Amino acid sequence: MEGKIVIFIPTLTSGGAERVASILANEWCQKYSVTVITYFENPSFYKISDRVRHICLGRKANKNSIARIIDVGIGLVRLRRIIVGLKPIFVLSFMNKYNCFCLASMLGSGIPVVVSERDSPTEKLPTIRVLARKMLYRFAAGVICQTEDGKKFIDAEAKNRCSIVISNPINKIVDVSARRPEKVILNVSRLVRKKGHIQLLEAFAKSGLEDWTLVLCGEGEERERIKDHARSLGVDERVVLMGLTEDLSCHFKTAGIFAFSSLYEGYPNALAEAMVSGIPCVSYDCPTGPSEIIKNGVNGLLVPVGDVGGLARCLRYLATDSEYAETLGMSASNIYEHVKSGAIAAEYLNFCIKVSRVDRVSSK
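Residues in the sequence shown are numbered consecutively from 36, following my numbering.
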């Protein structure tokens, strides 16, 4: 093994950051000794190689403010002790709140911490998290952003000396040649308000595609609201809530259209996965991400955020012009060369090693 790497993330449950962390761990463990440290003790949704060591800090989400402060303090000390004991080349941390936690824990340790910023610049964060990011990100060896807009925001706010844009690694869920499209509109995302499911339901109802089915893969607190709204629109018999779905291959194989209705994003992983699989895609042009991978009318369709009528028209257009839809899907699959896991994992690794060397020299 060429050295040790630590990846720090709150959990390995389903989610974009967790998926990226698991892909990087599985790629890097071929040459490096990789340890994944999670803050919470939750079941892992993503498969991690047996070569990857997993350590859990075992912290709990306390509602009591005093208990929470004590728990955070214990977590800070424990994380530092574990990482200092491992003596890694670098630590890669994920997600804003936990990036700040990791940076605070490792201050003065001499071990470089690289942070992956996942939040959309337009997402409203609690004031304390904004202040923590401004204060602590300057101590990161480097900052990895998902989009150009995200980088501009971080450069202006955190003033870190070394930031870069690296796309998320994307696995091809199905080969384009294996697809057998049916009259199915697919959406894959957590059932939370920012994913725009209510507007997607309204667009589906407006589209007039009465022989099509809308399939939602994901789970979250909006489930009952989505079910109720589908019922009020009279489309509940044509809307299927699949829940948390570990294997998406059968859905990607049969989806005729992929509809992405997020109101804002860090990076649209599910949209990119649909594109590399050759599914014709329509997406809200939300900040940030969709416009960086979709060229409107070339490899997908972009609709202004909140334009339910426009989204409905695009759904109907793709559903009724199969030749155009197939052309869009084939063109979309070409982004795979830019986002495939091996290449992106190498980009992450090269950047982390480069900035870590600079950080070690400058800290002496």
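Backbone N, C-alpha and C fix where the C-beta goes; we use that ideal spot for every residue, glycine too.
What you are looking at is a predicted structure, and each value in this text was computed from that prediction instead of being measured.
If you compare the alpha carbons of F293, I379, L384, M310 with that of L353, the shortest gap goes to F293.
Annotated three-state conformation of S357 is helix, per DSSP. Between the alpha carbons of E152 and Q181 lies a gap of roughly 7 Å. Between the stretch 229-242 and the stretch 203-216, the count of C-beta pairs closer than 8 Å stays below three; the two stretches do not touch. DSSP places L249 inside the beta strand (DSSP E), whose first and last residues are 248-252.
Bounds of the beta strand (DSSP E) holding T70 are 68-75. Within the stretch 111-179, the runs of alpha helix (DSSP H) at least 4 residues long that lie entirely inside it are, in chain order, 131-141, 162-171.
DSSP places F293 in the uninterrupted beta strand (DSSP E) bounded by 292-295. In this structure, F287 places its C-beta atom within 8 Å of the C-beta atom of A309. Annotation for G93: no alpha helix (DSSP H) segment contains it, though the beta strand (DSSP E) segment containing it runs 88-94.
Per DSSP, the continuous alpha helix (DSSP H) segment holding N304 begins and ends at 304-311. Cβ-Cβ separation between E237 and V340: approximately 14 Å, too far for a contact (criterion under 8 Å). The continuous stretches of alpha helix (DSSP H) do not include I220, which lies in the beta strand (DSSP E) extending over residues 219-223.
Around Y299, the same chain offers S155, T157, E158, K229, C321, P322 as residues with beta carbons nearer than 7 Å, after the five sequence neighbours per side are excluded. About 5 Å separates the beta carbons of S284 and V209, which is inside the 8 Å limit, making them a contact pair.
Excluding five sequence positions before and after V87, the CB atoms of its chain that fall closer than 8 Å to its own CB belong to A60, N61, C64, V69, T70, V71, given in chain order.
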